[in-house]
Amino acid sequence: MNSNNITTYKFQSATGALKYNLTNDYMFRMVLQKNNETLTLLLSSVLDIPLENIVKAEIQNPIMPGEAVDNKEFQLDIVVLLNDNTFINLEMQVVDYNNWPERSLSYLCRKFDNVVRGDDYIEVKPVYHIGFLDFTLFEDHPEFFAKYHISNEKDGYQYTDKFHLYVIELNHTEMATEEDKKHKIDT
Numbered sequence: 227m228n229s230n231n232i233t234t235y236k237f238q239s240a241t242g243a244l245k246y247n248l249t250n251d252y253m254f255r256m257v258l259q260k261n262n263e264t265l266t267l268l269l270s271s272v273l274d275i276p277l278e279n280i281v282k283a284e285i286q287n288p289i290m291p292g293e294a295v296d297n298k299e300f301q302l303d304i305v306v307l308l309n310d311n312t313f314i315n316l317e318m319q320v321v322d323y324n325n326w327p328e329r330s331l332s333y334l335c336r337k338f339d340n341v342v343r344g345d346d347y348i349e350v351k352p353v354y355h356i357g358f359l360d361f362t363l364f365e366d367h368p369e370f371f372a373k374y375h376i377s378n379e380k381d382g383y384q385y386t387d388k389f390h391l392y393v394i395e396l397n398h399t400e401m402a403t404e405e406d407k408k409h410k411i412d413t
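Going by my numbering, the sequence shown opens with residue 227, and the numbers climb by one from there.
Dropping the structure here:
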């Protein structure tokens with residue numbers, strides 16, 4: 227404690243390299259869980275939503291800092307309810323287990339099944355799965371920021387505007403488009 231009765235900790239004046247960065251699942255989750263402004267800025271940037279249109283971004287599956295993360299049941303993906311009407315699943319993935327398309331679709335479909343029993347299916351909330359990957363998803367088609375939707379094979383007509391799968395390949399920031407840079411997705 228200093229003379230103003232304010233507790234100071236050694237880490238507040240620590241210097242040197244950090245052992246972990248935001249590609250660490252736990253760090254990614256804790257930063258977004260503890261700092262709603264950072265979460266809101268990230269969502270605004272990736273979803274191209276003006277900040278003033280984000281009224282509320284609430285993490286639906288918070289975890290307690292310090293919980294053991296070696297438990298197989300422990301999930302580090304982040305489920306956000308945006309403005310009480312849109313579900314967003316955020317996930318950081320560093321290791322390529324060669325199952326990302328199936329895994330991300332699984333998470334997306336689970337959240338898409340959000341109609342309350344007895345309600346009309348038109349009430350389904352839009353869902354987004356945003357994967358931050360530190361590897362190339364499709365070796366023959368690298369891309370910094372890809373947006374996938376369900377559409378007609380023949381003419382590209384969109385089937386629904388409530389089902390979105392986004393992939394950000396962190397190892398391809400050099401491929402960011404002018405649009406990506408405008409929204410600061412590459413930074």
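Note that CB positions come from ideal geometry on N, CA and C, so glycine has one too.
Asked: Let me make sure I understand the geometry here. Which of A402, C335 and N247 has the alpha-carbon closest to that of M175?; Found: Here the chain has residues from 227 to 413 only, and residue 175 is not among them.
Asked: Can you tell me the Cα-Cα spacing of I394 and M401, whole angstroms?; Found: 11 Å
Asked: Which class does T386 belong to by DSSP, given the choice of helix, strand or coil?; Found: coil
Asked: Check for me: the alpha helix (DSSP H) holding Y354 runs from which residue to which?; Found: No alpha helix (DSSP H) holds Y354; the beta strand (DSSP E) holding it covers V353 to L359.
Asked: Are the CB atoms of R255 and I304 within a distance shorter than 8 Å?; Found: yes
Asked: Taking the alpha-carbon of F389 as reference, which of K337, N309 and R329 has the nearest alpha-carbon?; Found: K337
Asked: Is it true that the CB of L316 sits closer than 8 Å to the CB of I280?; Found: no
Asked: Could you check whether T249 and E363 sit closer than 8 Å to each other, using their CB atoms as the reference points?; Found: The residue you asked about is not Glu; residue 363 is Leu in the sequence shown. No. Outside cutoff.
Asked: Within 10 Å of its beta-carbon, does H367 have 16 or more other beta-carbons around it, so buried, or fewer, so exposed?; Found: exposed
Asked: Have a look at Y392 and T241 and give me their C-alpha separation to the nearest angstrom.; Found: 36 Å
Asked: Near Y333, what residues of its chain come up, given a Cβ to Cβ distance below 8 Å and the 5 sequence neighbours on each side ignored?; Found: D303, N315, E317 and H355
Asked: Since I believe V257 is in contact with T264 (beta carbons under 8 Å), could you give me their beta-carbon distance rounded to a whole number of angstroms?; Found: 6 Å
Asked: Which residue marks the beginning of the alpha helix (DSSP H) containing T312, and which one marks its end?; Found: It is not in any alpha helix (DSSP H) - T312 instead sits in the beta strand (DSSP E) that spans T312 to Q319.
Asked: Closer than 8 Å by C-beta to T312: which residues in its own chain qualify, once you throw out the five before and the five after it? Chain order, please.; Found: K351, P352, V353 and Y354
Asked: Alpha helix (DSSP H) containing K260: first to last residue?; Found: D251 to K260
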